[in-house]
Amino acid sequence: MSLFQTLRQTDIATRMDRATTFVAYVAPGVSNTAASALIEACRRLGNDRVTVVLDVSASSARAGYGMHQAVSQMHAAGILVRTEPRLRLGLLICDAEGWAFALPPRMVEDEATEDQIAPNAIALTPTQVIALRAELPMADTMLPDSDAPLDVAGA
């Protein structure tokens, strides 16, 4: 596996779909594609085997780091999400593999297309994956009640 990699939302979803024991997704936001894969991972693996940490603030949304609808869909599916304000880096762990990555702020830059090589991720070593997985917080903060709007004003 090459150190520098291109990790698109479709790549993230594919890796989550292949996971058999554990998924962790840490990022400033979540796309509909990644949210659907996380929902499926929770159904397949159980909520206790999927960890999600996001910045659900208005500033993150304004920059284009994720889709408000995707977060709402995850909440409706019962996924527990820990919030981390001002989070701007990403971490994906699927079973024993992991990547540190950066999402493009969609208000500034589009994601790489399937035919483009645009490294935005670094493959982690097995030792790094083990260490990071041990440090990840459990999903102890659930997003607000599904009837209440998410904070999308002011940040």
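First residue of the sequence shown: 17, per my numbering; consecutive thereafter. In this text, a Cβ means the ideal position worked out from N, Cα and C, and glycines have one as well.
- LEU140 carries a coil assignment under DSSP once its states are collapsed to helix, strand and coil.
- For LEU108, the enclosing beta strand (DSSP E) has its first and last residue at 106-110.
- Straight-line spacing of the CA atoms in THR141 and GLY114 works out to 7 angstroms.
- Per DSSP, reduced to three states, the secondary structure at ALA74 is helical.
- In terms of Cβ geometry, LEU23 and ALA139 do not form a close pair [threshold 7 angstroms].
- When the beta-carbon positions are compared, ALA53 and ALA74 stay at least 7 angstroms from each other.
- PRO153 and THR49 have their alpha carbons spaced roughly 23 angstroms apart.
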